[in-house]
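Student: Have a look at the structure that comes next, please.
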Amino acid sequence: MNTPNRIINPQALLSMYEEFPSLNGSEIMEILFKRDEPRVSMKIMTSNKPEKTPARWPQGFDVVYLGISFIGVKKITQSGWGHTNTVDQFNIENPNDSVSVRISCKNDFSFSFDCDWISVDSVAPGSIGTP
26 MNTPNRIINP
36 QALLSMYEEF
46 PSLNGSEIME
56 ILFKRDEPRV
66 SMKIMTSNKP
76 EKTPARWPQG
86 FDVVYLGISF
96 IGVKKITQSG
106 WGHTNTVDQF
116 NIENPNDSVS
126 VRISCKNDFS
136 FSFDCDWISV
146 DSVAPGSIGT
156 P
């Protein structure tokens, strides 16, 4: 997923992961649709820990919560939704002046759309108590 020219504020994410991290195996916790811009915002939980952990983060975290917004969304296609939406494939491509996002999950949930910009809204540690 190499889309650095379409990410509005990648600094926090790139300082920890060095590149946009793979979201395969992550879980989609929440999807919000907003009519303004129009925007789709997602909260994603991943066990893919950063290479460079911020000093202020607790030592015992086992997941990372990512808040990502997609701005200027168009051509939305969605099928299914469930309690556990574990990502099988999360593809972001930048074929021309827009971004193409394609997500498929293991529970037959699929979601695809095109957008103009990607915004990294938040990156936070979490703990779900895994051993």
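Start counting the sequence shown at 26; every next residue gets the next number (this note's numbering). A virtual CB, placed ideally from N, CA and C, is assigned to each residue, including glycine.
Between the C-alpha atoms of serine 51 and methionine 67, what's the straight-line distance to the nearest angstrom?
Tutor: So the alpha carbons of these two residues sit roughly 12 Å apart.
Student: Please identify the residue among Lys77, Asp61, Arg60 whose C-alpha is closest to the C-alpha of serine 40.
Tutor: Nearest of Lys77, Asp61, Arg60 to serine 40, Cα basis: Lys77.
Student: Can you tell me whether phenylalanine 136 is buried or exposed, with buried defined as 16 or more other CB within 10 angstroms of its CB?
Tutor: Phenylalanine 136 is buried by the Cβ-count criterion.
Student: Distance, Cα to Cα, aspartate 113 vs isoleucine 69?
Tutor: Roughly 13 Å between the two C-alpha positions.
Student: Indicate whether the contact test is met: 3 or more Cβ pairs, each with one atom in the stretch 82-89 and one in the stretch 124-132, closer than 8 Å.
Tutor: Segments in contact, no.
Student: With the cut-off set at 7 Å, would you say lysine 148 and leucine 48 are in Cβ contact?
Tutor: Here residue 148 is valine; the residue named in the question, lysine, does not match the sequence. No; because the gap between Cβ atoms is not below 7 Å, this pair is not in contact.
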